[in-house]
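Enquirer: Line by line, the protein sequences are chains A, B and C. For the first sequence, the working numbering assigns the number 58 to the initial residue and increments by one for each residue that follows. For the second sequence, the working numbering assigns the number 527 to the initial residue and increments by one for each residue that follows. For the third sequence, the working numbering assigns the number 112 to the initial residue and increments by one for each residue that follows.
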Amino acid sequence: MVKLLTAQYGVENIVKSFGGAKALSGVSLSVTGGEVHCIAGENGSGKSTLIKIMSGVHAPDSGVIQLGDKTFTHLSPREAVREGVQVIFQDFSLLPNLTVAENIAMPTYILNNSRILSKNQTKEIASNALDLIGIDIDINTPVADISIASKQLIAIARATNLGVKMLFMDEPTTALTRKEIKRLFEVVEQIKARGVATVFVSHKIDEIQEICNTITILRNGEVVGDGLMKDFKRDKISQAMTGLNVSETRIAPKLKKTSKKVVEIKNFTTKPTFSNISFSIAPGEILGMTGLLGSGRTELAEAIFGQYPVDSGEIIVDGKPIHLNSSSEALKAGIGYVPPDRLTQGLFLEQSILNNLVAVGIDQYQSKGGRLSKSRLAQAGERWIKDLRIKTNNPQNPVTSLSGGNQQRVVLAKWLAMNPHLMILNGPTVGVDIGSKREILEIIRDRAQEGMAFLVVSDDIPELVQICHRVIVIKNGQISKEFSEAQLDEKVLYKELS
Amino acid sequence: MNERFSKFNTGLLADRKITQLMIFTALTFIFFSYVSKDIFFTSSNFVSMAYQIPEIAILSIALMLSMLTGGIDLSIVSISNAAALVASWVMTTKMGESENLSNKWIIIACVLGTIVGLLAGAVNSILVARLNVTPILATLATMTLFNGIAIGMTNGESVSGLPEQFMRVGNGTFFGIPTPFVLMILIAIAVGFLVNRTTLGLKVFLVGTNRKAAQYSVMGDRKVIAWVYLISGLLSSLAGLIIASRTSAASPDFGSSYILLAIVIVVLGGVNPNGGFGTVTGVILATAVLQMVSSGFNALRFSQFFYLAAQGGVLIFVMILNVVLENRRTNKSIAKSLRS
Amino acid sequence: MNIKKLLLRNETALIIAIILLSLVIGIKSPEFFTLANLFDIFRSSFVQLIFALGVLIVIISGGIDISFPAVGIFAGYTAVVLMQRFEWNPENLLLPIALAIIIGTILGAINSIAIATFGIPTLIATLGTSGIFRGIMLTFIGSSFISDIPIALDNFATADLLKIQPEEGTLARLHILIIPVAILTILVSLLLTRTMFGRSVYALGGGVEATRRLGISVKRTQAKIYMLVGGLSGLAGILYVSLQRKANPYDLTGSELDIIAAVVLGGASIMGGYGTVFGTVLGVLLISLIKGNLILLGVSGSWQRAAVGALLLIGITVQALNESKKAKNRRVSTSDEAGE
């Protein structure tokens, strides 16, 4: 046990390039058994490459990997597992059609090269694994029917069961409620006591600050800061990650007093997801909406956009009641929606930037007979590229040629081009680097000043405090509290959520 | 202002693929002309090819449409046969009644045939767009059903002896060009216009590129899919009518190997089987290539079975080529994104 | 498992359908309820079931294989041709069977290369290989009908386990195949549920990337799957030849539809990850029931395919409606899946 607690895991001077582009240039880090380490970095900082090298997916060009008292120049995935390195990705890599028991037991069978499986043995392996981390879940349920938080715990149980020594968790707190984060941390304490070196790869500094002992900050493939977590405050970390002095002060614009309402929601109910939801948004107002996972906040947002059924209730847009049976109707009524995952839900990756920009408003560019007016299309493209400062020299280039931040601007532009009266943004800055984050908030501010109403659904409390006029908190499908402009404060919001 | 704005669908890629295909078509032509001077490189052969290409080209264009949206319509041949059967049945029944069959009835028969195509397409539309059934499964089921109904109603026998005026369409000429060929060009232009210059067309490409994103961003995305299967059904029925006109017969099992041929053509023509990319020009060129291969094999006395094997071989080969090229392109873009 | 869950399962619906159908047919024609008829249904199901077991494995893994009839007839026909060409002992029953299985496995390996090595989408890959197999067979191995198959194979057609002569009516003959087929069915079921390979098949259907991350070799598992299906199809092919007492290289075309229908109706999801042997057995029984006994309902045999098509259509519609209901419920409990 002592050996485990003093074992060192890490890398020394790792260099890795992909076809001429340097992903990592001389990165070194070290984690002790029983320690919880945080690797912070933006997209493109090299953190995913680092994980992949440590888990055997890629081989470094030079440098060594240190696992306990063994040194390696490179690893194969199976070797990595055998040496105790495991990665839990954001999708947990679970098989939804198999039961919890089978998901947990599979790697054990694979490790032992078993050909035959027995139901009893599977159950035993699974029960033991769950006991090891102190969790109780019905092992006979198919994973498809299990909540996300439980899936994550099952993934951890699976890893622990294999005698994991160094566990990487990629953005572990993204989809969890406060309560579930607490449960996760309890489990982490358990494996910590067992000598496991846990590495959280995350940029949600607030959430992981309490559990992490040490931190390494990556930027552009280099280590720009490391040391004890307590020596790093949030803005120091942000600054190191971006190399910029990014302000996080409040930028919500001054709200013009008016009794007009862009949208009024009255008693939206869809049992059991949400009930009796009523609120309204004035022109130019930025309303924030937050809540725990499972609170119904995403369903609510999607319901306002016509993507989720509403059993009863009314919605009035610009004084006119509308029926929302589909997104097309919501769009016609002047409501837009930016979904949280731009890669799978927001962008048409193989299409040109231009096509992405006009995706929502295609019908606007129609001339007689259903024809597409290409000149108008091109003009619109030019305009939006300029307006939102999208960095490209040719709108015909595929949208994949853009950086992450610019891609998010394209997604926003696509909707802003429709000039909606109400723009619903669900997690607008998820997976966006801190620099672009601020710029996106500025775009929201600018549009709000012109009169556009916003509903920002987010679990990023600091972000909400920066940009919103009001924030409503959803709990168990109902509005639990509304915070006015004067009451907005991070600590108070966090408290309301837990 | 860049004139390239005039082409979307990553126009540069389309240009490149069509150029490659044109070169390939030319090479195939030269090859077979050289290898079989007397039989292949004759005007009678070219004319005969010009009569046979249209029906399969139209079917392939129909297939391309459904593929563009990321789906597939396996029922095109069964719809084509069903339409041909209905039209033929009407014509032969009316022929039996009077000596001279007026053109009116021929037109009615054809209209009924196309209505069959639309109805069949509508069934596909409901399954795929409304009920969200996977296209492979949905069209496999409708293919079986339509084919089954056709067999049931005709007892497996073909309907022949179609009126002469009708046959003139499939075997005659229009200002010197075989009529079916003219029809094919018209249809190709129409579909090309639809796909490249209308709002519906752009939406088709977006839906095929990312169905999920289309659900959120593209207005009327489900309608787009519904239209595609409807038009596919319509085009299939037109192909069926041309077949009936050319062969003077309609049967429930005609062209059972056409679905393989259509997929080969579509893939060779540069259509991405996962959706989001394809050109009508590419499909036409690919049809020409396959027809030349068929005709060339014939001239070289290869059996039709060898042609069947060749189709499969071409399909596999082109797919492997696509995969290899795609891997190279992905590796390049990984490197690129790391730089940015 | 509580009663409600049991009732809602696909297999239960099938059992009910089979019972209802049997009752309807039996009421119209009491001769349905004879042992002779029952044994006949079994006999016509053997070959189908073996094919279906192979198709089930592929579908669970998330793919689709439509080359299996081509593999089957290729293997069966070639085995007979080889026996005759090399004048091997015609009284040896196991030899042609072994040959066919080996040939089938080799053909399956070709599918493996296309799918596992090159990553070609399964529908297109197997469509291509089916053309290649059939084409090569008909061109190079032979296109003629062989009626004098080796005597052991011929005799096997009448190898009955039980012969029961009722007082009036036809002789009821239960073919001996019931034993090996039952054993094979149980073995496949055990393979799928109790072995690492079997669970890997399900894993593949559940998620390719997740399976890869577990350390399971996706390519190797896929290769094994298609070779296994090839072997099973080869076996089915030679048994078909035997039971038909002739080797006709044009046979088995079009049977993909019936068998895929049987597997899908049996509860296997075309998206992969779900499916049971029991369900497939029921599906095959249902299809055999329909195909063989439509006549007893007074419906001509040419409506068989339409009946299968209609059934498949109903089946997939029901599945689609269930899916959307499940999806809605699931969203409620695991909401806020950020970007899933």
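Idealized CB from N, CA, C, for every residue including glycine.
(1) Using the rule of at least 16 other Cβ atoms within 10 Å of the residue's Cβ for burial, across every protein chain shown, is S586 of chain B buried or exposed?
(2) Considering only residues of the same chain and omitting the five flanking positions on each side of R245 of chain C, which have a CB-CB separation below 6 Å?
(3) Can you name the residues of chain C whose CB is closer than 7 Å to the CB of Y394 of chain A?
(4) I need the straight-line Cα distance from M307 of chain C to T156 of chain A, nearest angstrom please.
(5) Less than 8 Å between CB atoms is the rule here; does L545 of chain A satisfy it with respect to chain C?
(6) Starting from F242 of chain A, trace the alpha helix (DSSP H) in both directions and tell me its first and last residue.
(7) Check the Cβ of G173 of chain C against every Cβ in chain A and list those closer than 8 Å, keeping chain order.
(8) Identify the contact partners of K543 of chain B in chain A, using a Cβ-Cβ distance below 9 Å as the criterion.
(9) Across the stretch 190-201 of chain C and the stretch 406-419 of chain C, are there enough close Cβ pairs to call them in contact, namely three or more that are closer than 8 Å?
(10) Which chain A residues sit within Cβ distance under 7 Å of S743 of chain B?
(11) Note down the Cα distance separating T281 of chain C from A147 of chain C, rounded to an integer number of angstroms.
(12) Taking 8 Å as the CB-CB limit, is I327 of chain C close to chain A?
(13) Between T673 of chain B and chain C, is there a C-beta pair that is closer than 8 Å?
(14) Just verifying my parser: in three-state terms, what is the DSSP assignment at P704 of chain B?
(15) Quick one, which residues of the stretch 632-659 of chain B are near chain A if we go by CB-CB under 8 Å, in chain order?
(16) For a test of the three-state rule: what should DSSP assign to A183 of chain A, helix, strand or coil?
(17) Could you tell me whether any Cβ in chain C is nearer than 8 Å to the Cβ of E507 of chain A?
(18) Compare the C-beta of T382 of chain C with all C-beta atoms of chain B and state if any pair is closer than 8 Å.
(19) Determine the DSSP secondary structure at L272 of chain C, reduced to helix, strand or coil.
(20) Out of curiosity, what's the CA-to-CA distance linking R324 of chain C and H94 of chain A?
(21) Which residue's Cα is closest to the Cα of L354 of chain C: C:G174, C:Q276, C:M248, C:L204?
(22) With a threshold of 8 Å between beta carbons, is M593 of chain B in contact with chain C?
(23) To the nearest angstrom, report how far apart L720 of chain B and I213 of chain A are at their CA atoms.
(24) Below 9 Å on C-beta distance, what does R135 of chain A contact in chain C?
(25) Given this structure, state the Cα-to-Cα distance separating I427 of chain C from L671 of chain B, to the nearest angstrom.
(26) By alpha-carbon positions, which one of A:Q266, A:V280, A:E279 ends up nearest to M286 of chain A?
(27) On the premise that V417 of chain A lies in contact with M475 of chain A, defined as a C-beta separation below 8 Å, what is that separation, rounded to the nearest angstrom?
(28) List the endpoints of the continuous beta strand (DSSP E) containing V68 of chain A.
(29) Would I565 of chain B and I713 of chain B qualify as a contact pair, given that the criterion is a beta-carbon distance under 8 Å?
(30) If you check the beta carbons only, do V649 of chain B and T668 of chain B fall under 8 Å apart?
(31) Taking 8 Å as the CB-CB limit, is R305 of chain C close to chain A?
(32) With a CB to CB cut of under 8 Å and the five nearest residues on each side skipped, what residues in its chain are close to G647 of chain B?
(33) Using a cut-off of 7 Å between C-beta atoms, extract the partners of G317 of chain C located in chain A.
(34) If you measure between the beta carbons of G393 of chain A and T724 of chain B, is that distance less than 8 Å?
(35) Which residue comes first and which comes last in the beta strand (DSSP E) that contains I274 of chain A?
(36) In angstroms, rounded to a whole number, what distance separates the CA positions of P455 of chain A and M480 of chain A?
Expert: On the basis of the data shown:
(1) As a first step, residue 586 of chain B must be located in the second sequence, where it is residue number 60. Buried: at least 16 other Cβ atoms inside 10 Å.
(2) As a working mapping, residue 245 of chain C is identified with position 134 in the third sequence. Here the set comprises A181.
(3) Numbered from 1 along the first sequence, position 337 holds the residue referred to as residue 394 of chain A. Result: empty, since nearest Cβ-Cβ is about 14 Å, beyond 7 Å.
(4) Within the third sequence, numbered from 1, the residue matching residue 307 of chain C stands at position 196. Within the first sequence, numbered from 1, the residue matching residue 156 of chain A stands at position 99. Their backbone Cα atoms lie some 15 Å apart in a straight line.
(5) Counting from 1 along the first sequence, the entry for residue 545 of chain A is found at position 488. No, no contact with chain C.
(6) The sequence position of residue 242 of chain A within the first sequence is 185, counting from 1. Counting along the chain, the alpha helix (DSSP H) containing F242 of chain A begins and ends at 235-250.
(7) Stepping through the third sequence from its first residue, residue 173 of chain C is reached at position 62. Within chain A, no residue comes near G173 of chain C; the closest Cβ sits about 10 Å away, beyond 8 Å.
(8) The residue given as residue 543 of chain B occupies position 17 in the second sequence. Near K543 of chain B there are no residues of chain A at all, since even the closest Cβ is about 14 Å away, more than 9 Å.
(9) These segments do not touch.
(10) Here residue 743 of chain B refers to the residue found at position 217 of the second sequence. Under the 7 Å cutoff, chain A gives A416, V417, K471.
(11) Taking the first residue of the third sequence as position 1, residue 281 of chain C is located at position 170. Taking the first residue of the third sequence as position 1, residue 147 of chain C is located at position 36. Looking at the two C-alpha atoms, the distance is approximately 7 Å.
(12) Your numbering for residue 327 of chain C matches position 216 in the third sequence. Taking Cβ atoms only, chain A reaches closer than 8 Å to I327 of chain C, which makes this a yes.
(13) Within the second sequence, residue 673 of chain B is the residue found at index 147, counting from 1. First, the amino acid is wrong: residue 673 of chain B is Asn here, not Thr. For N673 of chain B, at least one C-beta of chain C is nearer than 8 Å to its own C-beta.
(14) The residue you call residue 704 of chain B lines up with position 178 of the second sequence. Three-state result, P704 of chain B: strand.
(15) Within the stretch 632-659 of chain B, no residue places its CB atom closer than 8 Å to a CB of chain A.
(16) Start at 1 with the first residue of the first sequence, and residue 183 of chain A comes out as number 126. A183 of chain A falls in the helix class under three-state DSSP.
(17) Numbered from 1 along the first sequence, position 450 holds the residue referred to as residue 507 of chain A. Taking 8 Å as the threshold, the shortest C-beta distance from E507 of chain A to chain C does not fall below it.
(18) In the third sequence, the residue the question calls residue 382 of chain C occupies position 271. It is Met, not Thr, that sits at residue 382 of chain C in the sequence shown. Yes, its Cβ sits closer than 8 Å to a Cβ of chain B.
(19) Counting from 1 along the third sequence, the entry for residue 272 of chain C is found at position 161. In the displayed model, L272 of chain C falls within a strand according to three-state DSSP.
(20) Here residue 324 of chain C corresponds to residue number 213 of the third sequence, with the count starting at 1. Here residue 94 of chain A corresponds to residue number 37 of the first sequence, with the count starting at 1. The straight-line gap from Cα to Cα measures roughly 23 Å.
(21) Residue 354 of chain C sits at position 243 when you count from the first residue of the third sequence. Measuring from the Cα of L354 of chain C, the nearest candidate turns out to be C:L204.
(22) For the purposes of this step, residue 593 of chain B is identified with residue 67 of the second sequence, where counting begins at 1. Judged by the 8 Å Cβ criterion, M593 of chain B is not in contact with chain C.
(23) As a working mapping, residue 720 of chain B is identified with position 194 in the second sequence. As a working mapping, residue 213 of chain A is identified with position 156 in the first sequence. If you take the alpha carbons of L720 of chain B and I213 of chain A, they lie about 52 Å apart.
(24) The count along the first sequence starts at 1 and reaches residue 135 of chain A at position 78. Residues of chain C passing the Cβ test: G326.
(25) On the third sequence, residue 427 of chain C is found 316 positions in, with the first residue counted as 1. On the second sequence, residue 671 of chain B is found 145 positions in, with the first residue counted as 1. Separation of I427 of chain C and L671 of chain B (C-alpha to C-alpha, rounded to the nearest whole angstrom) is 13 Å.
(26) As a working mapping, residue 286 of chain A is identified with position 229 in the first sequence. Among A:Q266, A:V280, A:E279, the Cα nearest to that of M286 of chain A belongs to A:Q266.
(27) Taking the first sequence and counting its residues from 1, the one referred to as residue 475 of chain A is at position 418. Taking the first sequence and counting its residues from 1, the one referred to as residue 417 of chain A is at position 360. Contact between M475 of chain A and V417 of chain A holds, with the beta-carbon distance rounding to 5 Å and staying under 8 Å.
(28) For the purposes of this step, residue 68 of chain A is taken as the residue at position 11 of the first sequence. Residues 65-75.
(29) Taking the first residue of the second sequence as position 1, residue 565 of chain B is located at position 39. Taking the first residue of the second sequence as position 1, residue 713 of chain B is located at position 187. In this structure, I713 of chain B does not lie closer than 8 Å to I565 of chain B by Cβ.
(30) One-based indexing of the second sequence puts residue 649 of chain B at position 123. One-based indexing of the second sequence puts residue 668 of chain B at position 142. Contact: yes.
(31) Against the third sequence, residue 305 of chain C aligns to sequence position 194. Taking a beta-carbon distance threshold of 8 Å, R305 of chain C counts as an interface residue toward chain A.
(32) Here residue 647 of chain B refers to the residue found at position 121 when the second sequence is read from its first residue. Exclusion of the five residues before and after G647 of chain B leaves I605, Y755, L756, I757, S758, G759, L760, S762 as the residues of its chain whose Cβ lies within less than 8 Å of its Cβ.
(33) Here residue 317 of chain C corresponds to residue number 206 of the third sequence, with the count starting at 1. Near G317 of chain C (Cβ distances below 7 Å), the residues of chain A are L152, P153, N154, L155.
(34) Position 336 of the first sequence, counted from the first residue, corresponds to residue 393 of chain A. Position 198 of the second sequence, counted from the first residue, corresponds to residue 724 of chain B. Between G393 of chain A and T724 of chain B, the C-beta spacing is not below 8 Å.
(35) Translated into positions along the first sequence, residue 274 of chain A becomes position 217. Per DSSP, I274 of chain A belongs to the beta strand (DSSP E) from 271-276.
(36) Taking the first residue of the first sequence as position 1, residue 455 of chain A is located at position 398. Taking the first residue of the first sequence as position 1, residue 480 of chain A is located at position 423. Straight-line measurement puts the Cα of M480 of chain A at about 26 Å from the Cα of P455 of chain A.
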